[in-house]
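J.: Attaching a single structure in structure tokens format; questions to follow.
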């Protein structure tokens, strides 16, 4: 069965701290995509990154970095030098390739609060 | 192109009434998805269209729910005989499967409150 678990419900940090959001997934498929989305207070989900299961190379985009480890079924997201504007709910999601529709299976989300 | 749009943004209705939501995807996107998000939870898949064909429906989509995408462009989601449990945010997303498969772009959502 496919499942995404984000064990951290809420995280609170002070501006400029680094923070890591955890994501663990379960899938029976060997080929799949993983995603991170950001949902700010306005409510609209914003796409951040997509990785496929064959590419375990870590990725960095500005202050954001992602660590994909297939051996532990984890796809963690780190924000370096956090800012108040990073405050949002972050969702990790999975899409299995055999499912040609590409539906996303989301975790419960982690609410990040960055205080000045 | 301004992205995925949804209308209305908010809807308050009384139990037992019917409601209809509209989603306009990004213009060249051939896939369209509906999700439901309740407070404190991640979005849950409801259904998806490839062009005008509805190809998958979740078990969450009871008989009271129906979705259409008549010309492969905009889509509507109708809920008949609403119940308080239908109160949620209804999200629409679209994607283009040719170049960047499964990369879905979401609209702002329609928040439904059933009283």
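Residue numbers (the working numbering), protein chains in the order written: chain F, 426 to 541; chain Z, 1438 to 1552.
Don't be surprised by glycine CBs; every beta carbon is placed ideally from N, CA and C.
Taking DSSP as the reference, what is the three-state secondary structure of residue 496 of chain F?
T.: Three-state result, residue 496 of chain F: helix.
J.: Shorter than 7 Å from the beta carbon of residue 528 of chain F to some beta carbon of chain Z?
T.: Yes, its Cβ sits closer than 7 Å to a Cβ of chain Z.
J.: Helix, strand or coil for residue 1474 of chain Z, going by three-state DSSP, please let me know.
T.: DSSP places residue 1474 of chain Z in strand when its eight states are reduced to three.
J.: Near residue 1489 of chain Z, what residues of its chain come up, given a Cβ to Cβ distance below 7 Å and the 5 sequence neighbours on each side ignored?
T.: 1506, 1507, 1508, 1509, listed in sequence order.
J.: For residue 1523 of chain Z, which of helix, strand or coil comes out of DSSP?
T.: The answer is helix: DSSP assigns residue 1523 of chain Z an H, G or I state.
J.: Ignore the nearest five residues each way along the sequence and tell me which others in residue 430 of chain F's own chain have a CB closer than 7 Å to its CB.
T.: Hits under 7 Å: 449, 532.
J.: For residue 1441 of chain Z, which three-state DSSP category applies?
T.: Three-state result, residue 1441 of chain Z: coil.
J.: Any idea which residues DSSP pairs residue 1513 of chain Z with across the strands?
T.: Beta-bridge pairing links residue 1513 of chain Z to Z:1459, Z:1505.
J.: Going along the segment 1508 to 1535 of chain Z in order, which residues come within less than 8 Å of chain F, judged by CB to CB distance?
T.: Correct list: 1526, 1528, 1530, 1532, 1534.
J.: Comparing C-alpha positions only, which one of Z:1476, Z:1467, Z:1477, Z:1500 sits nearest to residue 1483 of chain Z?
T.: Here the closest residue by C-alpha is Z:1500.
J.: Does the CB of residue 469 of chain F have a neighbour CB from chain B at under 7 Å?
T.: The chain labelled as chain B is not found among the protein chains of the depicted structure, namely F and Z.
J.: Just to confirm the assignment: which complete beta strand (DSSP E) runs, minimum length 3, are found wholly within the segment 449 to 498 of chain F?
T.: Fully enclosed beta strand (DSSP E) runs of 3 or longer: 449 to 451, 457 to 464, 471 to 477, 484 to 486, 489 to 494.
J.: Taking the beta strand (DSSP E) that residue 436 of chain F falls in, what are its first and last residues?
T.: Unbroken beta strand (DSSP E) run through residue 436 of chain F: 435 to 439.
J.: Under DSSP, the beta strand (DSSP E) around residue 1481 of chain Z begins and ends at which residues?
T.: Looking at the DSSP string, the run of the beta strand (DSSP E) that includes residue 1481 of chain Z is 1481 to 1487.
J.: Taking only the alpha-carbon atoms, compute the straight-line gap between residue 454 of chain F and residue 476 of chain F and give it to the nearest angstrom.
T.: Rounded to whole angstroms, residue 454 of chain F to residue 476 of chain F spans 15 Å at the Cα level.
J.: Of all Cβ atoms in chain F, is any one closer than 7 Å to the Cβ of residue 1486 of chain Z?
T.: No - not a single Cβ of chain F is within 7 Å of the one on residue 1486 of chain Z.
J.: Measure from the C-beta of residue 500 of chain F to each C-beta in chain Z and report whether the shortest distance is under 7 Å.
T.: Chain Z contact via Cβ: absent.
J.: Looking only at its chain, what residues have a beta carbon closer than 7 Å to the beta carbon of residue 488 of chain F, apart from the 5 residues adjacent to it on each side?
T.: Result list for residue 488 of chain F: 504, 505, 506, in chain order.
J.: Which one of F:441, F:485, F:437, F:447 has the shortest CA to CA distance from residue 518 of chain F?
T.: Selected option, being the one with the closest Cα: F:447.
J.: Looking at C-alpha atoms only, which residue of F:426, F:483, F:436, F:432 is the closest neighbour of residue 513 of chain F?
T.: The shortest C-alpha separation from residue 513 of chain F is found at F:436.
J.: Would you mind telling me which residues of chain Z sit closer than 7 Å to residue 487 of chain F, beta carbon to beta carbon, in chain order?
T.: Under the 7 Å cutoff, chain Z gives no residues; its nearest Cβ is about 19 Å from residue 487 of chain F.
J.: Nearest CA to the CA of residue 535 of chain F: which residue from F:434, F:445, F:426, F:474?
T.: The shortest Cα separation from residue 535 of chain F among F:434, F:445, F:426, F:474 belongs to F:434.
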